[in-house]
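Student: Can you read through this structure? Questions will come right after.
There are 2 protein chains.
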Amino acid sequence: MGKCVNHPDRETSYLCMKQNIYMCEECIKCRDPEIYCKYRPSCPINFISKKGVEGWIGEEKKVAEEIETATVLFEPDKKEITVPKGSTLLDAARGTDIHINASCNGKGACGKCKLIIESGQFETDDTPLLSDTEKEKNYVLACLTKVKGDITAKIPEESIEKQLKVAGMGEDATKKLKGFVTEIEPMLVNYSLELNPPTLDDSVSDLDRLNRGLKKAGCDVSRLSVGLKVMRQLAATMREDGWKVTASVLHKKCSSEVLRVASGNGLKRSLGLAIDLGTTSIVVYVVDMADGTILSATSGHNRQAACGDDVINRIVCAEKDGVKKLSGMSLRTINNLIGEAMGGLEDDFKKIENVVISGNTTMTHLLLGIEPKYIRREPYIPAVSEFPILKAGNIGIKANPAAAVFIMPGPASYVGGDIVSGLLYTGFHREEPLTLFIDVGTNGEIVLGNKDWLMTASCSAGPAFEGGGIRWGMRAEEGAIEKVSINPETLVPEFSTVGDLLPRGICGSGMIDLISEMLKTGIIGPNGKFKLESDHPRMKKYNGEGSYVLEFAKNTAMDEDIVFTETDINSLVLSKGAVYAGFSVLLNEASMDFSMVDRIIITGGFGQYLDIERAISIGLLPDLDRDKFSYLGNSSIAGAYMALLSNDYRKEAIEISNSMTYIDFSSNSKFMDEFTSALFLPHTNMDAFPSVKVGE
Amino acid sequence: MGKCVNHPDRETSYLCMKQNIYMCEECIKCRDPEIYCKYRPSCPINFISKKGVEGWIGEEKKVAEEIETATVLFEPDKKEITVPKGSTLLDAARGTDIHINASCNGKGACGKCKLIIESGQFETDDTPLLSDTEKEKNYVLACLTKVKGDITAKIPEESIEKQLKVAGMGEDATKKLKGFVTEIEPMLVNYSLELNPPTLDDSVSDLDRLNRGLKKAGCDVSRLSVGLKVMRQLAATMREDGWKVTASVLHKKCSSEVLRVASGNGLKRSLGLAIDLGTTSIVVYVVDMADGTILSATSGHNRQAACGDDVINRIVCAEKDGVKKLSGMSLRTINNLIGEAMGGLEDDFKKIENVVISGNTTMTHLLLGIEPKYIRREPYIPAVSEFPILKAGNIGIKANPAAAVFIMPGPASYVGGDIVSGLLYTGFHREEPLTLFIDVGTNGEIVLGNKDWLMTASCSAGPAFEGGGIRWGMRAEEGAIEKVSINPETLVPEFSTVGDLLPRGICGSGMIDLISEMLKTGIIGPNGKFKLESDHPRMKKYNGEGSYVLEFAKNTAMDEDIVFTETDINSLVLSKGAVYAGFSVLLNEASMDFSMVDRIIITGGFGQYLDIERAISIGLLPDLDRDKFSYLGNSSIAGAYMALLSNDYRKEAIEISNSMTYIDFSSNSKFMDEFTSALFLPHTNMDAFPSVKVGE
């Protein structure tokens, strides 16, 4: 018996072995994650695991009986989980390691979290987001389906996670990146020392002797500290191999710390990780810290996708279920990717001693378990902009627990470390030409400036470019339609897909092509409405609204028509309008206009497949000299790589973050005007798009 | 079942619940502390506690049966402990909290660890160190007595710990100490802040806002870092009480850290501890950090006394039983004293936020659990001289776990932080006059110098001055003979005791008086041998050697003669000779002589009762103008107090430590010469003692 951790006046016999705390009956039955279990992320579903009562001792039977549970088996992953009856399939999926996409965070609005029920008892709400064909095949939306008994559910073929292309990889990219770093200066440095043994005439303490050796080896010892653990073992370690030692020193921003002293001075391989922590996908590079070689690279979908597509949904989810849950999700993804990337190397995880993480402000807050609540509330305040150097063990990253972790600083709630990282890589902030830097994803982040000044803003582009909120929208994965042209005579489209497979949907670049072509061929007008006769074979009603058939069922991977609806067009127009308005207003704030811009740098995964000409034709990008545009790939991971190897770049990142002036659009009336004007194709002001011809 | 932590190839069912590790049968029966239990200090006696098997589950019965145990009850403390049969009573006593003195560290050589067996089975070796009277009264030496069955043992009246006088206390001392500190600058500072709420125009991160507030409040934020835990709660905490917060910042030597942020900005009382960690006794001051008032003070015997009187024996013990055991002993003493000192105050331990500890090099190493082995091996190297600021929770001190702990730096293995602390207090290193600073205890530490230079050395005075190795020697506790004069006619002594009680023994100042008087009255000659006829009523054979009866049995607390033997005289002569030789050689190293010394400062508990005139007459102190001598009390605790309150003094302490030149006497041939010359009373060279007249 013990006192309830939440109600000290109550005696209880429920003891959680994981936490070694007592909880009263009310608390263990309560589903509020803040109350019933602070270790929830590591406990598959609440306190009840597969065995019904694992994690609890005491009157466990009683608990198990009172809360009825059922088991859900997910195919083809064969992941099983036990949940209280009444949970949704989305809840169950979130408790496992399977990849499920829930753009709208379980509101039943996006139709992405499709599952096929193979057997079992359930209740599901009807939804227009599933076609009749799908319903016949036992498709359900996971968020609308309640578990009533043991269930076997299958992830449909079209939803199965495909390997993402790792942007910026390959020998050329590696060579290019290496060229940026002239001197390798990690945060955690191993100094290999051979010290003079003490004598009566040279009787300084062991620690002073070590410091002397470190100084001689070029280590700045003026602000060096050392922990109790190292001091305790120092005398023995230093004598073990005749005064040959290896000292691992963590160089922090304003001080250094001797983390470890080992006997012997043969240097072992030291690895580093550069991590791009995206809202959608995460990229991990494993780097040899001796020479900067990228030894391997992996990427995967951020498991947080089960809690919505965009950062706002993630924050909402964190407020509901606790930050720890979201933290655990991205951490699991990162650790899985590290595991994959390390798989081919013959090195232990403990050799990973340096880590740099580049992500937007919400992603870094969630990863570190920092309250993100006020990021989405006016006046939009992040808890932390500039992070101290942390240790991997404290965060939970699969590396040497003492590994140093540098988090890219982010100047504002909606302009984060990924953008700072991008600047580090592109380097335009060191040069004269006036540059517009764009990273378009769910959020469109923009930086304008040069070596003298930097202004930045974020416009809520929405998830359309990444496939969110679009009936057949998807990311640039295998089977995604990525290039489209339409025969102006027959109005029949031609397209190519990623991996040359049967089409499964359409990704951002495909949509831009499609709208550009529909506009050019007169299928739609500048207002985004269909002009095509409703009896044309490519015209079809979809849930009561007009749509263009991109491919007929028989030629698709799912035996269903791939259509693009007026709602889809509208979503895309809203997105491109927001981005374009962002450019305009930022220039306006700097009392400038498009003609003064010397170059436009596009980065991010989305930009990779973007056709500049077509992006201009729909008014997403400004109508400037095409030579001014360049695409620089995943600049976030590139900057992370540079900061991993160079102390100068880490310092520069902090300087960039501190020197940016953030313009908030949410309270900017000019932005609303510009936005409204940009809701035409390409724009209400056609003078701004002299090179664009809109078809009949 | 699990794998043995020491032998991974062995499966075992013995699981220690404290450590959550498995151990094989061999390991749990093995008595080597490094093997069987790394948590030994918190486990009363090995892994077997009072209940026989507590701390272990598995086949515990078997263990309990195979290792036969017995219970020892110590009176009058009523402390009980279960030990394996065959353990010595000293082993058992060391496992409890009772105070037992074992000057020789259990070798059966000092005769200090006396106990009276009231009942029970035991085996004991015969020893000449117990008188027949004592043997009749069932006295045994704890170190020579093996437990064979349950035992009740009593601590003899004369060995019961008496309250030590707390040197340097009282209102005057407090007032004087306060005067030294002009500005209070703790290490851990609580900043009370009222911040401006964020707006769209002032949207810096919460952490930046906090830093801004701290800067405004005068905190140096240039090297400020913050931990993950604080960052995680920051957003909520700052908003909880309308942007009123209290931030606790730890100012380290070269950087600062925000340790805690709490909502609300009402400042609470903050306490500090100044601790003098002596080999023999420990003194604790509780200080109000707001104004420097000493709220309470306590002192007690260092529990490590059970492992020997001097630092060498402590190190030997640490090598045998593990540093953790010795660390635990001094930590227990300190924590008991903190408990006592806090008893009268209505404050929680968590209010203790700053701590300064001043002790010799061995004491600080042992307290912190740092390997002390090489301190006693040529070339006598401490592991650490200058300690970083530590946290109370990491050391185990009963205070706020985040409390900052400053350890006084010590320049050498045998000149430690207590001496640096003494200099800080006496301040002679800031002044012109050439000063000889002496702290005589078990070791005699000497500093010579002034504002321009400092030389230091240590001479092994041995434990005689503190009562060690002297038949009736004791510390200056109640019942100790502290002043002696001898009637030159009758040769009958007159004396006074501490507390005016029946005599129990003789302390250092009493011995110096006694030898001085015996020399003056011609009872002994300058060679330390008795000249008195053997039929004189005060002359008595003791274990076959001549001795002088200081008091007859009927007038003592123990009904036994208090005698002073030739061996005792010899011990004292060796001690005083070492100290005097130390003075001579140190001056010689500086190419100086006694005539150039402007003043002699004596500190330490021993000096308190010292009669300068008599100390000169036996050649302990040099024969200089008596006005040059001054006694400055417990300068170690005084310096600790000053460093607790002032950052300048903490910096000064490090400077003092770094600026001292240490002279090693062990390899100094001049020292041996001087030592030999000083083994006469007062000295072979009587020209150096013109004012001393030796009697017939």
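Chains as they are written, first to last, in our numbering: chain A, 38 to 733; chain B, 38 to 733. Glycine residues also receive a C-beta, built at the ideal position from the N, C-alpha and C atoms.
(1) I want to verify the contact list: residues of chain A whose CB lies under 8 Å from the CB of B:Thr164, in sequence order.
(2) Pick helix, strand or coil for A:Arg246, following the three-state DSSP scheme.
(3) Report the rounded CA-to-CA distance for A:Asp187 versus A:Gly381, giving the unit in angstroms.
(4) With a floor of 3 residues, list each beta strand (DSSP E) that falls wholly inside the segment 438 to 482 of chain A, ordered by position along the chain.
(5) Between A:Ser571 and the rest of its own chain, which residues show a CB-CB distance below 6 Å, the 5 nearest in sequence each way excluded?
(6) Using a Cβ cut-off of 9 Å (strictly closer), state whether A:Leu427 contacts chain B.
(7) Which partner residues of A:Val184 appear in the DSSP bridge assignment?
(8) For B:Lys388, name the three-state secondary structure that DSSP assigns.
(9) Which residues bound the beta strand (DSSP E) around B:Val295?
(10) Where does A:Val267 sit, in a helix, a strand or coil, going by DSSP?
(11) Under DSSP, the beta strand (DSSP E) around A:Ile639 begins and ends at which residues?
(12) Kindly say whether A:Gln341, judged by its beta-carbon, lies nearer than 9 Å to any beta-carbon of chain B.
(13) Flag A:Glu519 as yes if its beta-carbon sits less than 9 Å from any beta-carbon of chain B, otherwise no.
(14) DSSP three-state call for B:Ile153: helix, strand or coil?
(15) I need the DSSP call for A:Tyr668, collapsed to helix, strand or coil.
(16) Please state the DSSP three-state secondary structure of A:Tyr176.
(17) Please classify A:Ser458 as buried or exposed, where buried requires at least 16 other C-beta atoms within 10 Å of its C-beta.
(18) So with CB distances below 7 Å, who are the chain A contacts of B:Thr236?
(19) Residue ranges of each beta strand (DSSP E) run of no fewer than 3 residues wholly in the segment 325 to 399 of chain B, ordered along the chain?
(20) Determine the extent of the alpha helix (DSSP H) in which B:Thr713 is found, giving its start and end residues.
(21) By how many angstroms is the C-alpha of B:Gly614 removed from the C-alpha of B:Thr713?
(22) Alpha carbon to alpha carbon, what distance is there between B:Gly301 and B:Thr534?
(23) Roughly how many angstroms separate the alpha carbons of B:Pro719 and B:Phe567, rounded to a whole number?
(24) Does the segment 382 to 394 of chain A come into contact with the segment 225 to 243 of chain B, if we say contact requires no fewer than three beta-carbon pairs (one atom in each stretch) closer than 8 Å?
(25) Leaving out the 5 sequence neighbours to the left and right, which residues in its chain are closer than 7 Å to A:Lys707 when beta-carbon positions are compared?
(26) To which residues of the same chain is B:Gly478 closer than 8 Å at the C-beta, ignoring the five residues directly before and after it?
(27) At which residue ranges does the segment 488 to 564 of chain A contain complete beta strand (DSSP E) runs of 3 or more residues, listed in the order of the chain?
(28) Quick one: using the 10 Å Cβ neighbour count with 16 as the cut-off for buried, is B:Ala327 buried or exposed?
(29) Would you verify that the beta carbon of B:Lys289 is, or is not, closer than 9 Å to some beta carbon of chain A?
(30) How many Å lie between B:Thr49 and B:Gly132 at the Cα?
(31) Mind the definition here: the segment 473 to 487 of chain A touches the segment 592 to 605 of chain A only if three or more C-beta pairs lie below 8 Å; say whether that holds.
(32) Along the chain, where does the alpha helix (DSSP H) containing A:Asn695 start, and where does it finish?
(33) Is there a C-beta anywhere in chain B that falls below 9 Å from the one on A:His438?
(34) I want to verify the contact list: residues of chain A whose CB lies under 9 Å from the CB of B:Ser728, in sequence order.
(35) Just the Cα atoms here: how many angstroms apart are A:Cys80 and A:Ile118?
(36) Give the DSSP bridge partners of A:Ala190, in chain order.
Tutor: With the structure as the only source:
(1) Those within 8 Å of B:Thr164 in chain A number zero; the least Cβ separation is about 36 Å.
(2) helix
(3) 38 Å
(4) 441 to 444, 472 to 477
(5) none
(6) yes
(7) A:Phe159
(8) helix
(9) 293 to 300
(10) helix
(11) 636 to 640
(12) no
(13) no
(14) strand
(15) strand
(16) strand
(17) buried
(18) Pro416
(19) 331 to 338, 389 to 396
(20) 706 to 714
(21) 8 Å
(22) 56 Å
(23) 15 Å
(24) no
(25) Val622, Asn625
(26) Gly315, Thr316, Thr317, Ala498, Phe502, Glu503, Gly641, Gly642, Phe643
(27) 491 to 496, 517 to 523, 530 to 534
(28) exposed
(29) yes
(30) 28 Å
(31) no
(32) 684 to 696
(33) Just to set this straight, residue 438 of chain A is Pro in the shown sequence, not His. For A:Pro438, the answer is no, since every Cβ of chain B falls outside 9 Å of its Cβ.
(34) Correct list: empty, because the minimum Cβ distance to chain A is about 37 Å.
(35) In this prediction, A:Cys80 has a pLDDT of 36, which is less than 50 and means its spatial position is unreliable; what the coordinates show is noted afterwards. Taking the straight line joining both Cα atoms gives about 11 Å.
(36) A:Phe111, A:Ile154
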